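In the working numbering, the protein residues as written are 2 to 267. First up is the structure itself, then whatever we jot down about it.
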């Protein structure tokens with residue numbers, strides 16, 4: 002049943018994001034066209050330069066939207082199909098709440114990955130010089146460590162996204178426990194949880210900083226000149242990945258428990 006639900010949820014989310022994908026691919030083509038014609042006498046004017054700058058600003062916002070919009074549509078779909086009138090149909094399906102939650106979380110991750118691919122394609126179209134070698138030029142390529150670091154970074158980003166959407170889901174479930182102002186309480190719970198996580202992250206960061214010299218803290222860990230410092234950096238990324246996945250799992254479990262034992266969503 003998870004496969005069928007995941008397929009349905011992915012289609013529902015894709016219907017809300019595909020226009021953004023088209024925009025993300027078309028806009029860089031327009032920018033390259035602007036660069037090609039800007040030296041022609043007819044287009045050598047202040048007005049054309051302003052139009053070009055505005056077009057570039059729109060493209061910048063489209064790139065930001067490729068990162069933010071997957072979270073927005075995932076949360077919106079969860080609210081509409083689980084907590085509003087349509088929720089009656091969803092919650093009476095012959096599947097467990099755990100499957101319903103997990104399907105929507107995995108669908109959100111799928112759309113987020115697809116958005117990342119569109120983002121990279123958009124950058125590649127914009128610049129013929131764009132490559133992963135240029136992007137990660139500051140990392141030492143020794144014994145395949147850079148590849149491992151990149152893989153860990155991707156996993157950390159996915160884990161962070163998973164933690165974010167499960168925190169949104171949990172906040173909405175907590176908000177449903179109140180008879181009035183459910184939306185307002187959902188927002189309050191979200192900020193309370195976020196504040197608690199920020200304090201926890203600050204404590205963990207202080208503990209980590211205790212074991213790392215100031216030089217590499219100032220360099221932002223872009224330079225790992227010794228094996229020790231490289232291992233420390235890998236451990237940091239790996240720990241953040243596990244941290245986010247564990248938090249996401251906790252938020253998921255609590256949200257499912259609330260929906261099963263504290264709310265009547267049918």
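Idealized CB from N, CA, C, for every residue including glycine. Only a predicted model underlies this, so the values are computations on that prediction, with no experimental measurement involved.
Asked: Give the range of the alpha helix (DSSP H) segment to which residue 91 is assigned.; Found: 88-92
Asked: I'd like the list of long-range same chain contacts for residue 67, defined as Cβ closer than 7 Å, with 5 residues on each side in sequence excluded.; Found: 21, 25, 116, 119, 120
Asked: Does the contact criterion of 3 or more C-beta pairs under 8 Å hold for the region 86-101 versus the region 51-60?; Found: no
Asked: Taking residue 149 as the reference, which of 239, 61, 28 has the closest Cα?; Found: 239
Asked: According to DSSP, simplified to helix, strand and coil, what is residue 8?; Found: helix
Asked: Given that a residue counts as buried once 16 or more other Cβ atoms are within 10 Å of its Cβ, and exposed if not, what is residue 86?; Found: exposed
Asked: Residues in its own chain within less than 8 Å of residue 268 by CB, not counting five upstream and five downstream?; Found: Any answer about residue 268 is impossible in this case: the structure gives the chain only from 2 up to 267.
Asked: Buried or exposed for residue 211, please, with buried defined as at least 16 other CB atoms from any protein chain shown within 10 angstroms of its CB.; Found: exposed
Asked: With C-beta atoms as the reference, is residue 127 less than 8 Å away from residue 255?; Found: no
Asked: Residue 179 by DSSP, collapsed to three states: which one?; Found: coil
Asked: How big is the Cα-Cα spacing for residue 205 and residue 102?; Found: 29 Å
Asked: Can you tell me whether residue 257 is helix, strand or coil according to DSSP?; Found: helix
Asked: Just to check my reading of the structure: residue 163 and residue 246 have Cβ atoms closer than 8 Å, yes? What is that Cβ distance to the nearest angstrom?; Found: 7 Å
Asked: Within 8 Å of any Cβ in chain B, is that where the Cβ of residue 157 sits?; Found: Although the question refers to chain B, the structure presented lacks it and comprises just one protein chain.
Asked: If residue 166 sits next to residue 76, beta carbons under 8 Å apart, how far is it from one beta carbon to the other, in whole angstroms?; Found: 7 Å
Asked: Does the distance from the C-beta atom of residue 177 to that of residue 94 stay below 8 Å?; Found: no
Asked: Measuring alpha carbon to alpha carbon, tell me which of 195, 111, 159, 168 ends up nearest residue 288.; Found: This structure does not reach residue 288, given that the chain is present from 2 up to 267, and the question cannot be answered.
Asked: Would you tell me roughly how many angstroms separate the C-alpha atoms of residue 155 and residue 23, rounded to the nearest one?; Found: 24 Å
Asked: In terms of residue numbering, what span does the alpha helix (DSSP H) encompassing residue 99 cover?; Found: 98-127
Asked: With the cut-off set at 8 Å, would you say residue 1 and residue 5 are in Cβ contact?; Found: Because residue 1 is not part of the residues shown, which for the chain are 2 to 267, the question remains open.
Asked: Check whether the Cβ atoms of residue 29 and residue 9 lie closer than 8 Å to each other.; Found: no
Asked: Answer yes or no: do residue 18 and residue 70 have a C-beta to C-beta separation smaller than 8 Å?; Found: yes
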